[in-house]
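Encoded structure:
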């Protein structure tokens with residue numbers, strides 16, 4: 100299983116992912132710059148904000164109400180914004196591409 104994280108400057112990080120972990124935890128496990136995960140995956144801080152590549156948007160479960168509310172207070176959101184702590188690694192997302200914002204903090 101692979102996940103591709105693309106920094107705001109275009110640098111790619113292709114990492115091995117473990118089924119059952121979150122996309123956020125996978126980034127933290129591989130020290131991907133730009134994912135902070137300050138709340139540890141509790142959907143309460145927005146520091147794991149990513150943009151889902153267009154080819155993958157329809158393959159992911161929809162945002163929960165909690166995720167939508169947290170994204171409202173997150174910087175630089177777009178229609179394809181997601182909190183990576185809310186996306187679980189499954190075989191169906193092998194190759195997922197996540198783009199990272201220029202900043203996770205004010």
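Residue numbers (this note's numbering): 100 to 205. Virtual Cβ for every residue (Gly too), placed ideally from N, Cα, C.
Our two residues, residue 138 and residue 105, have alpha carbons roughly 22 Å apart in a direct line. Contact check for residue 116 against residue 134 fails: the beta carbons are separated by 8 Å or more. Bounds of the alpha helix (DSSP H) holding residue 123 are 122-128. For the region 135-199, the full-length alpha helix (DSSP H) segments reaching 4 residues or more read 164-171 along the chain. Residue 101 carries a strand assignment under DSSP once its states are collapsed to helix, strand and coil.
Per the C-alpha coordinates, the member of 173, 170, 141, 200 positioned closest to residue 121 is 141. In the three-state DSSP reduction, residue 106 falls in the coil class, being neither helix nor strand.
The Cβ neighbour count for residue 168, taken over all protein chains shown within 10 Å, is under 16; the residue is labelled exposed.
Note that the C-beta distance between residue 201 and residue 112 is not below 8 Å.
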